[in-house]
Structures are given as structure tokens and as C-alpha cells.
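The numbering of the sequence shown is this note's numbering, which starts it at 44 and goes up by one.
Here's the structure we're looking at; comments come further down.
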Amino acid sequence: MKIGFMTNYFYPATGGMEELNFNLAKELVKQGHEVHVFTSDRKDGKIFKKEENIKGVRIHRSRLWFKYKYYLKFNPGIAFKHLKYNLDVLHFQSIGFIFQDLALVLRRIFTKTMVIDTPHGPFMALDKYPWWQTILRNIYTTIEYPINKLYHKSVQDNPKQYPWMEKYGFKKGTITFIPPCLPNNIYDKAKGNELKNKLKDKFVISYLGRVQEYKGLEQVVRVLPDLIKVNPNVVFLAMGGEVAGEYNRLKKIAKELNVEDHLIIAGRVSDDEKLQGLDTSEVFILPSEWEAFGIVLVEGMARKCAVVSSKTEGGRFLVSEKEGFLYDYKDLDQLKKCLLKLIEDEKLRDKLKEHNFKKAENYLVKNLVKDFERLYAEK
Numbered sequence: 044m045k046i047g048f049m050t051n052y053f054y055p056a057t058g059g060m061e062e063l064n065f066n067l068a069k070e071l072v073k074q075g076h077e078v079h080v081f082t083s084d085r086k087d088g089k090i091f092k093k094e095e096n097i098k099g100v101r102i103h104r105s106r107l108w109f110k111y112k113y114y115l116k117f118n119p120g121i122a123f124k125h126l127k128y129n130l131d132v133l134h135f136q137s138i139g140f141i142f143q144d145l146a147l148v149l150r151r152i153f154t155k156t157m158v159i160d161t162p163h164g165p166f167m168a169l170d171k172y173p174w175w176q177t178i179l180r181n182i183y184t185t186i187e188y189p190i191n192k193l194y195h196k197s198v199q200d201n202p203k204q205y206p207w208m209e210k211y212g213f214k215k216g217t218i219t220f221i222p223p224c225l226p227n228n229i230y231d232k233a234k235g236n237e238l239k240n241k242l243k244d245k246f247v248i249s250y251l252g253r254v255q256e257y258k259g260l261e262q263v264v265r266v267l268p269d270l271i272k273v274n275p276n277v278v279f280l281a282m283g284g285e286v287a288g289e290y291n292r293l294k295k296i297a298k299e300l301n302v303e304d305h306l307i308i309a310g311r312v313s314d315d316e317k318l319q320g321l322d323t324s325e326v327f328i329l330p331s332e333w334e335a336f337g338i339v340l341v342e343g344m345a346r347k348c349a350v351v352s353s354k355t356e357g358g359r360f361l362v363s364e365k366e367g368f369l370y371d372y373k374d375l376d377q378l379k380k381c382l383l384k385l386i387e388d389e390k391l392r393d394k395l396k397e398h399n400f401k402k403a404e405n406y407l408v409k410n411l412v413k414d415f416e417r418l419y420a421e422k
């Protein structure tokens, strides 16, 4: 099969979505498929080759002329370049982007390609925005409704997304659940020791992902004073690239609370440093305001962490009493109780870690690729 992906960014650009799509694309190539990716040519000041073949994945990049915040991207080339290729399937990896919507319309008009979308979340998913952004969201979701009806099939990241997906125009009866995939090497042994040595003898609570305000790291910093009263060796390890100076804001809060020595900022980490950080962790936390899935929770599980998550769509799906704890976003008392329980109860913590280690294997890309192949083969 000739399979296309359309996504905002792709490897070697870094990020959770970039890694997810690259892992799936590589696995599809291993299964004998021809895979093309249509994406932007730059991210975070880095400019990538217009045409590239990496691990058998054929990448076609269009110039991103400018962007404003997350959704407003001016990259018209992405709407047309895919038409050069006779694809069996074109799998979109988001909603709410003007030129990807145009690509969908053109693909439906001029070809018989099956078009599929994994929206990964609603357009502007948070509950509260400034009034002008709220108006923009209402206008654009109205426009999106008939566009989303053009998809032959769609994929939900967790089994509870279909209600809002139907409201966004995705056709009832065409929505399939396939979870995001872990890379096959997530169980590999970490090669380095630098981060491990730095955190030796510490009780590590870790976070991995983009660091910005809605991700909720401030909550963990604010409960640190109570945690270190119980265990003075507790540290909060933050791994990931920041947005809008968020690390400085967290440092300021930590200093005000006199816990700056218990906040460890690793910043953007390599794959090996990520494994080191997770391996030193007793608890992995995802304290976000919103998550469609939260593949980093499963990464934490694969490295034998107990997990704590806010009650997001993804958190509710992935975390029960068998894996760890859920709490209400911004409820610091609940969060503190969850973390203190895991700090104090080593037997419980070890039981959760062993369960999570085994559960994560279900999400390896080699075990889920067949689900995508079946979806692509359906007519």
C-alpha cells in the first residue's frame, strides 16, 4: 500500500506527535508499505531538507512562511504537494489547520484516495480562552463541521472521544479506536549515567513533555513543601522543552516556597537522557489541564514508574487504581494526598510499578501496527 501522513511537523523535529508519527511510519515501512509524509520544513528555528528519506520514510516538506501561536500556520504548499503522489490512503494527524483542510478538499475532489483523520483532540481544547479566542473557536468549529464529514474514517485516541468527534462532524459509525504507540525501543537499557548519577539517592517524581502553563507543573511545585516534610529527598524532575519562559516562572515559584533545591530542570533531553530520568523515577506525573491520551504516561509505565494524572480524557482511560492515582486538575489537596500515599507506601508503589511495566507492552508500535493496516485496507 502507498500510505501518506499529513502532519504539522515530523522527525527530526522534536515533540510527542513527531515521535508518534515517526515510529508508526517506520513500522509501516518494515511491513512493506510505501510511506510518504507531508509536513512543514521548519520548527523552533531549525530548517529541514525539502525532500528526505529517513529509515525508508519519504518526507516531503513545504515551506512554513509564518505562524502565530499553535493553529495559525501559513504553509500553502502542504495543500498541494501531496497531489503529486498516487496514494491509497492519506492519514491526517490533526484538525483546525486551514491548509490541511484545503488538502483534504482537494484530495476528495481529484482522487479516490481513502482519507482518514486522527484529530488527537478538539480545536482549541482548553475550557477557557480570552473572549476573542472564544469567538474564533466558535466560528472555526462551525466551518470545520462540514469539512470533517469528508473523511472516510477517523481514529480516536481514547474510547471516550467519539461524543465530541461527532459534534465536530466526524461521521457516526466511522470512528475507530486505536491508541497512540510506544517506540519498540522503550524497554531498552539506558546507555548513559550522567542524569542517573545526579539523581542518586533521591525520591524522584518526574514529568516529561512540553513545558507550558496548561501542562500544570506549577501544581507539583506548590505541593513540594509538604512532600519534603515527609521525605526530604523528594525532587521534582522536569524534562522537556519550554514555551514562553515557563521554566523561569516555575523557578520563581520554587524560590518563593524555599524548595528550589527540590526542582530539577533537565530541559529538552535526548532519548537516552529520557530513559535515564524515567529509570530514576519512582513516580511519573502528568498534571495537565487537558490531554487526549498522554503517551508519556505509558512511557513512564514502561520504565517501572507508578503514575499520577489529572482527570483528563487520557488520564481517565489510562489510570485506575491498578496503575496509580487520578486527581482533579488544580486540586492541590488531592494531588498532595496522591503523592504522599505513593511516597509513604513502598509496597503499594512496587505493586503499581510491576503492573505498569507489563501493561505498557500492549502499546508498542509493533503490536498496534496491524490495527492501522486493517483500517487502511477497509473500503
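Note that beta-carbon positions come from the ideal geometry of N, C-alpha and C, so glycine has one too.
Query raised in the report: For the candidate residues V339, V264, A420 and G337, whose alpha-carbon lies nearest to that of K379?
Result: The residue among V339, V264, A420 and G337 with its C-alpha nearest the C-alpha of K379 is V264.
Query raised in the report: So is D160 buried or exposed if we call it buried at 16+ other beta carbons inside 10 Å?
Result: Buried.
Query raised in the report: First and last residue of the beta strand (DSSP E) that includes I160?
Result: Note that residue 160 is Asp in the sequence shown here, rather than Ile. Here the beta strand (DSSP E) through D160 covers M157 to D160.
Query - Reference K402, options L382, I338, H163 and R101, closest by Cα - result: Of the listed residues, the one whose Cα sits closest to K402 is I338.
**Report entry** Contact under 8 Å by Cβ, I102 with F53
**Finding:** Yes.
Requested in this report: Could you work out which residue in L385, F360, P223 and T355 is closest to D371 when comparing CA atoms only?
Outcome: The shortest Cα separation from D371 among L385, F360, P223 and T355 belongs to T355.
Query raised in the report: So L383 packs on V302, CB below 8 Å; how close in whole Å?
Result: V302 and L383 do not touch by the CB rule: their CB atoms are close to 15 Å apart, not below 8 Å.
Query raised in the report: Starting from V339 and walking both ways along the alpha helix (DSSP H), at which residues does that stretch end?
Result: From DSSP, the alpha helix (DSSP H) with V339 extends over I338 to A345.
Report task. Specify whether the stretch 304-324 and the stretch 231-239 touch according to this definition: at least 3 beta carbon pairs, one from each stretch, less than 8 Å apart. Result -> Judged by Cβ distances under 8 Å, the stretch 304-324 makes contact with the stretch 231-239, as three or more pairs qualify.
Query raised in the report: Comparing alpha-carbon positions, which option in Y114, I178, E261 and G216 lies nearest G192?
Result: The residue asked about is misnamed: residue 192 is Lys in this sequence, not Gly. Residue G216 is the option with its Cα nearest to K192.
**Report entry** Those residues which DSSP pairs with L395 across a bridge
**Finding:** None, per the DSSP bridge assignment.
Query raised in the report: So, using beta-carbon positions, are V266 and V247 closer together than 8 Å?
Result: Contact flag unset, no.
Query raised in the report: When DSSP builds the beta bridges, which residues end up paired with R85?
Result: Residue pairing for R85: DSSP places it in a beta bridge opposite I90.
Query raised in the report: Going straight from the alpha carbon of Y250 to that of H79, what length do you get?
Result: The alpha-carbon atoms of Y250 and H79 are separated by roughly 32 Å.
**Report entry** For E95, three-class secondary structure by DSSP
**Finding:** Three-state DSSP puts E95 in a strand.
Requested in this report: Compute the beta-carbon to beta-carbon distance between R180 and Y188, rounded to the nearest angstrom, for a pair I have assumed lies under 8 Å.
Outcome: Actually they are not in contact, since the Cβ atoms of R180 and Y188 sit about 13 Å apart, beyond 8 Å.
**Report entry** Beta-carbon gap between V254 and I221 smaller than 8 Å
**Finding:** In terms of Cβ geometry, V254 and I221 do not form a close pair [threshold 8 Å].
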